[in-house]
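Residue numbers (the numbering used here): 3 to 296.
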């Protein structure tokens, strides 16, 4: 084969693959139908105890969905599922995972029996071209998902699928991968990132757990800058958070609770409204700040 013809072929092959994926995506999502573009949420999930407590943050979770059309399914990116590569839960009945220790018995007795959606898992696999997505039948719903979704949809009658965080990848990679999920928003899928913008458990002020809106100076400074970047649409500074100085180093010592925020922001369309709720610090080194787009 002549070099010119070979190069032409190589230029066409990737586009052919994308076209095939979109065709498959259309076939798989026929049952979802087309909808108005769904909002996107980032939820500061905080302590697992929020699952069984009644407080202002729980009320904020409930309030956040009162003006959202009932979703056909939920895709949740939780801080608590890190994997090598990207996985999505594909089982019809995901288990409730109690991935924590040292809490009251009542918390371990919570079961959130929402169904899964093998169809949404397959559609997510087809729509993502940045990496090969693995369909997972072992994980389930960790507390980053069920501890907040149970307040939003207490009847557990909306299918929930989780997508994992590939711990090998950069923040920019996660942001770019998340943008490929946009088409799901027009299929009635509510996409939720669940983590905490400021999350440093090693520096928690345990004696200030019940002090309202208490944050260390560095935590408040990092939080204020994050919120400024979010409201100004400055996603570049949020992606490159490690370049924002010492307060960000303390606020995000490890990336897993921060990355779900990038999954939410990556789906922001031009001129889409951004609003904040549950916007408080907690125990010095945590923030519960949550974000709605659209």
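Backbone N, C-alpha and C define an ideal beta-carbon position, used for all residues, glycine too.
Here the structure is a predicted model, which is why all the values come from computation and not from measurement.
Anyone know if the C-beta pair for residue i and residue j falls short of 7 angstroms?
| i | j | result |
| --- | --- | --- |
| residue 213 | residue 288 | no |
| residue 1 | residue 151 | Any question about residue 1 goes unanswered here, given that the chain covers just 3 to 296. |
| residue 34 | residue 146 | no |
| residue 129 | residue 182 | yes |
| residue 293 | residue 44 | yes |
| residue 226 | residue 283 | no |
| residue 261 | residue 220 | no |
| residue 237 | residue 81 | no |
| residue 42 | residue 266 | yes |
| residue 36 | residue 188 | yes |
| residue 88 | residue 168 | yes |
| residue 100 | residue 114 | no |
In or out: residue i buried (at least 16 other Cβ within 10 Å) or exposed?
| i | result |
| --- | --- |
| residue 196 | buried |
| residue 291 | buried |
| residue 11 | Note that residue 11 scores 47 on pLDDT, short of 50, meaning its location in the model is unreliable and no value can be drawn from it. |
| residue 138 | buried |
| residue 123 | buried |
| residue 280 | buried |
| residue 234 | exposed |
| residue 8 | Per-residue confidence for residue 8 stands at a pLDDT of 44, beneath the threshold of 50, marking its modelled position as unreliable; the derived number appears in the next sentence. It is exposed - the Cβ of residue 8 has fewer than 16 other Cβ atoms within 10 Å. |
| residue 141 | buried |
| residue 218 | buried |
| residue 240 | buried |
| residue 359 | In the structure as shown, the chain begins at 3 and stops at 296. Residue 359 is therefore absent and cannot be evaluated. |
| residue 223 | buried |
| residue 263 | buried |
| residue 275 | exposed |
| residue 149 | buried |
| residue 73 | buried |
| residue 103 | exposed |
| residue 247 | exposed |
| residue 15 | Model confidence at residue 15 stands at a pLDDT of 47, short of 50, so the residue's coordinates are unreliable; what they give is reported in the following sentence. The residue is exposed, with fewer than 16 neighbouring Cβ atoms inside 10 Å. |
Measuring alpha carbon to alpha carbon, tell me which residue in the options is nearest residue i.
| i | options | result |
| --- | --- | --- |
| residue 105 | 32, 277, 54 | 54 |
| residue 108 | 205, 163, 52, 186 | 52 |
| residue 126 | 90, 168, 266 | 90 |
| residue 172 | 278, 242, 275, 157 | 242 |
| residue 296 | 71, 31, 36 | 71 |
| residue 268 | 136, 203, 169, 174 | 174 |
| residue 170 | 38, 61, 84 | 84 |
| residue 134 | 110, 153, 161, 86 | 86 |
| residue 210 | 285, 180, 40, 136 | 285 |
| residue 159 | 117, 26, 275 | 117 |
| residue 58 | 39, 184, 153, 163 | 153 |
| residue 120 | 110, 198, 161, 264 | 161 |
| residue 144 | 180, 168, 164 | 164 |
| residue 202 | 61, 250, 31, 73 | 250 |
| residue 271 | 32, 26, 31, 40 | 40 |
| residue 60 | 31, 102, 156 | 156 |
| residue 176 | 245, 79, 63 | 79 |
| residue 31 | 244, 186, 206 | 186 |
Under 7 angstroms, Cβ to Cβ, is there at least one residue of chain C near residue i?
| i | result |
| --- | --- |
| residue 126 | Absence of chain C from the displayed structure is noted, only one protein chain being present. |
>> So, does the segment 60-67 touch the segment 88-97, judging by three or more C-beta pairs under 8 angstroms?
In response: Three or more beta-carbon pairs separated by less than 8 angstroms are not found between the segment 60-67 and the segment 88-97, which leaves the two stretches without contact.
> Whole beta strand (DSSP E) runs in the segment 76-164 with 3 or more residues, listed along the chain?
Replying inline: With a minimum length of 3 residues, the unbroken runs of beta strand (DSSP E) contained wholly in the segment 76-164 fall at 88-91, 135-138.
>> For the segment 224-241 against the segment 46-63, do three or more pairs of beta-carbon atoms, one drawn from each stretch, fall closer than 8 angstroms, so that the two count as touching?
In response: Three or more beta-carbon pairs separated by less than 8 angstroms are not found between the segment 224-241 and the segment 46-63, which leaves the two stretches without contact.
> Along the chain, which unbroken stretches of the alpha helix (DSSP H) at least 4 residues long are found entirely within the segment 166-200?
Replying inline: With a minimum length of 4 residues, the continuous alpha helix (DSSP H) runs that stay inside the segment 166-200 are 173-181.
> Residue ranges of each alpha helix (DSSP H) run of no fewer than 4 residues wholly in the segment 244-287, ordered along the chain?
Replying inline: For secondary structure counted as the alpha helix (DSSP H) over 4 or more consecutive residues, the segment 244-287 holds these complete runs in sequence order: 248-253, 261-267.
> What beta strand (DSSP E) runs, 3 residues minimum, are completely inside the segment 41-78?
Replying inline: 42-46, all fully within the segment 41-78.
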